[in-house]
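Student:
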Amino acid sequence: MKTRMLSLPQWRARRADAVPAPQGTWRLAARISGRDLSLLVDRRAALANLGLCLALAVVALLSLCLGSLPLDPRTALNGLLGQGDVMDVFVVQALRLPRLAAGLATGAAFALAGCLMQTLARNRLATPGIVGIDNGATAFAVASVIGVGTSLAPPPMALVGAATATAVTFALASDIGTRGYRFIVAGIGVGAVFGALTQLMMARVAIDAANAAYPWTVGSLNTRDASAVLWLSAGLLVAFVGAAGLSRAMTVLRFSDAVARGLGYRVKACRYLALAIAVGLTGLAVAVAGPVGLVALIGPEIARQLSSPRGVPLTASVLAGALVMTAADLTGRLLLAPIEVPVGIVTAIVGAPFLLWILLRPSSRFVS
Amino acid sequence: MLGLLLCLALMTLASLLFGAGDVGPAAAWSVLTGTGGEEARFVVESLRAPRTAVGIGVGMALGVAGALIQAAARNPLAEPGLLGVSAGSALAVAIALVLGASAATLRVSVAQLGALAGCLFVLAVARLNGVGGDPVRLVLAGAVLSGLLGALTSLILLVDQRSADEIRFWIVGSLAGRRLDDLQSMLPSLAAAGALTLAVARPLAALALGERVAVGLGHRPRLVRLLTVVAVALLVGAATAVAGPIAFVGLVVPFAARALAGPDIRRSLWLALPLGPILVLGADVLSRLLVAPSEMPLGVITALVGAPVLIAVVRAHRLPAV
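The listed protein sequences derive, respectively, from chains A and B.
Take any residue in the first sequence, count from 1 to its spot, add 14: that is its number in the working numbering.
Take any residue in the second sequence, count from 1 to its spot, add 1: that is its number in the working numbering.
1. Between which two residues does the beta strand (DSSP E) harbouring P55(A) extend?
2. Leaving out the 5 sequence neighbours to the left and right, which residues in its chain are closer than 6 Å to V281(A) when beta-carbon positions are compared?
3. If I'm right that G56(B) touches V250(B) with Cβ under 8 Å, what's the distance once you round it to whole angstroms?
4. Does the stretch 336-345 of chain A come close enough to the stretch 165-184 of chain A that 3 or more CB-CB pairs lie under 8 Å?
5. On a Cα-Cα basis, can you pick out the residue from A127(A), L298(A), L350(A) and M101(A) that is closest to E315(A)?
6. How about P356(A) and G233(A): are their beta carbons less than 8 Å apart?
7. Would you mind stating whether V332(B) and A232(B) have Cβ atoms separated by less than 8 Å?
8. Going along the chain, which residues of its own chain have a beta-carbon closer than 7 Å to the beta-carbon of T89(A), five neighbours each way excluded?
9. Assign L274(B) to one of three DSSP states: helix, strand, or coil.
10. Count the other CB atoms within 10 Å of the CB of V106(A); is the residue buried (16 or more) or exposed (fewer)?
11. Quick check: what's the CA-CA separation for L75(A) versus R138(A)?
12. Relative to the C-alpha of T303(B), which candidate in I247(B), R213(B), T13(B) and L224(B) has its C-alpha closest?
13. Report the option in L100(B), G67(B) and G101(B) whose CA atom is closest to the CA atom of G85(B).
14. For I353(A), would you say it is in contact with chain B, using Cβ-to-Cβ distances shorter than 8 Å as the test?
15. Assuming R347(A) is part of the alpha helix (DSSP H), what are its boundary residues?
16. In the DSSP output, which residue or residues are listed as bridge partners for W40(A)?
17. Measuring CA to CA, which of A301(A), W371(A), G325(A) and V326(A) is closest to V156(A)?
18. Take D383(A) as the anchor and find which of T120(A), A288(A), I144(A) and L251(A) has the nearest alpha-carbon.
19. What's the call for T241(B), buried or exposed, on a 16-neighbour Cβ count within 10 Å?
20. Is it true that the CB of R316(B) sits closer than 8 Å to the CB of L186(A)?
21. Starting from N383(A), trace the alpha helix (DSSP H) in both directions and tell me its first and last residue.
22. Taking S90(B) as part of the alpha helix (DSSP H), name the residues at either end of that continuous run.
23. Using the beta-carbon count (16 or more within 10 Å), is I46(A) buried or exposed?
24. Mind checking if A362(A) is an interface residue toward chain B, Cβ cutoff 8 Å exclusive?
25. Hey, which unbroken runs of the alpha helix (DSSP H) at 4 residues or more fall wholly within the stretch 201-267 of chain A?
26. Classify A260(B) as buried or exposed, calling it buried when 16 or more other Cβ atoms lie within 10 Å of its own Cβ.
27. What does a CB cutoff of less than 8 Å around E46(B) pick up in its chain, not counting 5 residues either side in sequence?
28. Chain B partners of P367(A), CB-CB under 8 Å?
29. Per DSSP, which one or two residues make a beta bridge with R45(A)?
30. Measuring alpha carbon to alpha carbon, tell me which residue in V326(A), P323(A), L244(A) and T141(A) is nearest G117(A).
31. Okay, do the stretch 134-148 of chain A and the stretch 302-314 of chain A touch, 3+ Cβ pairs below 8 Å being the bar?
32. Can the beta-carbon of G385(A) be found less than 8 Å from the beta-carbon of G358(A)?
33. Can you tell me whether DSSP reads G121(A) as helix, strand or coil?
34. What separation, rounded to the nearest whole angstrom, lies between the Cα atoms of A43(A) and A35(A)?
35. Which residues in chain E have a C-beta closer than 8 Å to the C-beta of V140(B)? List them in chain order.
36. Taking the alpha-carbon positions, what's the R122(B) to L63(B) distance?
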């Protein structure tokens, strides 16, 4: 009884109305079956996510409407529900919706992987595309497509490739180096080798097979495979839950290892887990859309600009990545219609100047 | 040096003897000794010999260009292919083709203009505050620039299918089917660049000791760098116009030359002359043999050789000063 008495004041102090919410946050409080529950919501992050959701909805609707057969929004939405003209329903449900879904899933996966890798390497340039993971996954997936000594489907092969490339890069870099740069350049080298292997395989197959695989090797949503999209969606769900579990550890990992360890986090375990999630996501996403690596850089960057600097913007990255991918695909489809520009080329043209700007800004803080 | 020349002679011989087609080493050897059948004679004399000659020219150009740009940027990782210089010439050629120009001589000068733009970008980046001191960041910026230029080239080819067909075999980087005309179109640029190189070799060696030392010795660093960049653009542009973009030769050759001759640029430039052709011809022979009876792009082999060198340079605990 005595302990109960002692703990009572503290319990009171923690009640929702007793302490004002920290600046820039909302406190959501509720009393459920006699227990006070409260949740601090970062105001800026919440608004950013809301805004990204709205933008995403607009772009998604546009990508259902626009194309070689333009539909007005009402027709498109009716088509989505299976009502209206048969042709419209077919265009929306069978052609545009799967493509939209593939775009959303790959964009989200690339961006989440990018955000995780940037945080664990403490370098904004350490995204899967730049350290060669994309190229490794592509090489293995191409091997699967053209049937070089394997019977595995592209998604698992891409996973194996992504893991192989990461392992090789890590082994070669031996340590992360100052600000992860040694790791990144080792990754560029590994990526070059895997890129060469991809070309080697493309050179060996018949010309029509190579032509069919070509758009995919530069990154395109046109050649997506339904089963690969399913693999990716399942993987994305698992990964997002895992990443959400890691988000506190990620926030702390942005500081030095010593700080994180002092706060009681197992730094190595967190890092390996985050890396595993990032590698898995990249592999699965590459199996769908090919190497569209720059989304992994642009998505988290947008998220970071919009969200508060308090935490690692995992959710915002997912939304921003899906937004960038869908918008880039839409642009690629419309820009030079009827020719379709692969989404990888669009993101490269938009993303590269941005990347250069990050790299060369005179007063840049490189560490995220 | 003597050993390298011997090695180069062996490589030339190998390039004449081995091929992806039916004419094997024995048949080719009989052509060289004066006998041999009609078909073998045709293959060796009008296919392999010009190809070998072009390979020697391209190798020399790329090797020397690599050594020069590393000295000008004072960065052991600088490489025309990695830094976007080759991608710049490829884009320029693609644009010229789309606009309707297809003459070989024009192609060389257009490629050189593209290379010059790429070089100036590299030099500007290398001189930026903060970036110049970190060799690795320059490479990263170059990789990004190459990616951007490559994407623009793909975009152009996508739009213009006719040019795409014309350019498809050139854009991957290969020596297949090159003729003596191609070598001739390179020669004036090679000569001019050679003269420039002789002029800047001494100042560059002084520049390696630092800007102030070079000024104190009576050199003008800005002028020297500008001339070096022009020489690099002439070399890379000519090589790219003929053989397409080939990466990593300019990284591996100066690396090997420094390992053999030490850090003095004047000696490593001379060594680059035989080393470049050795690498290019060796890679070319491999490209014919690995997937015979078809061939694979030369750039693939040089990437497979060069990427490990890149990693080795980065792994070296202290980056060697150039």
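Backbone N, C-alpha and C define an ideal beta-carbon position, used for all residues, glycine too.
It should be emphasised that the depicted structure is a prediction, and the values quoted were computed from it without experimental measurement.
Tutor: Inspection of the coordinates gives the following:
1. Before going further, note that residue 55(A) is Val rather than Pro in the sequence given. Here the beta strand (DSSP E) through V55(A) covers R49 to D56.
2. D271, A274 and R275
3. G56(B) to V250(B), Cβ: 11 Å. No contact.
4. no
5. Closest option to E315(A), Cα to Cα, is A127(A).
6. yes
7. This structure leaves residue 332(B) out entirely; chain B is present only between 2 and 323.
8. So the list reads G98 and D102, once near-sequence residues are dropped.
9. helix
10. buried
11. 31 Å
12. I247(B)
13. G67(B)
14. True, the Cβ-Cβ gap to chain B drops below 8 Å.
15. L328 to L349
16. V55(A)
17. A301(A)
18. Residue 383(A) lies beyond the residue range present for chain A, which begins at 15 and ends at 382; the question has no answer from this structure.
19. buried
20. yes
21. This structure cannot speak to residue 383(A), because chain A is shown only from 15 to 382.
22. Going by DSSP, S90(B) is part of the alpha helix (DSSP H) stretching over V86 to V99.
23. exposed
24. yes
25. 221-232 and 240-267
26. Looking at its Cβ environment, which holds fewer than 16 other Cβ atoms inside 10 Å, A260(B) is exposed.
27. V32
28. L149
29. D50(A)
30. L244(A)
31. yes
32. The structure shown does not extend to residue 385(A), since chain A is modelled only from 15 through 382, so no value can be given for it.
33. helix
34. 11 Å
35. Absent from the structure is chain E; the protein chains it does hold are A and B.
36. Before going on, a small fix: residue 122(B) reads as Phe here, not Arg. Each residue's alpha carbon lies about 19 Å from the other.
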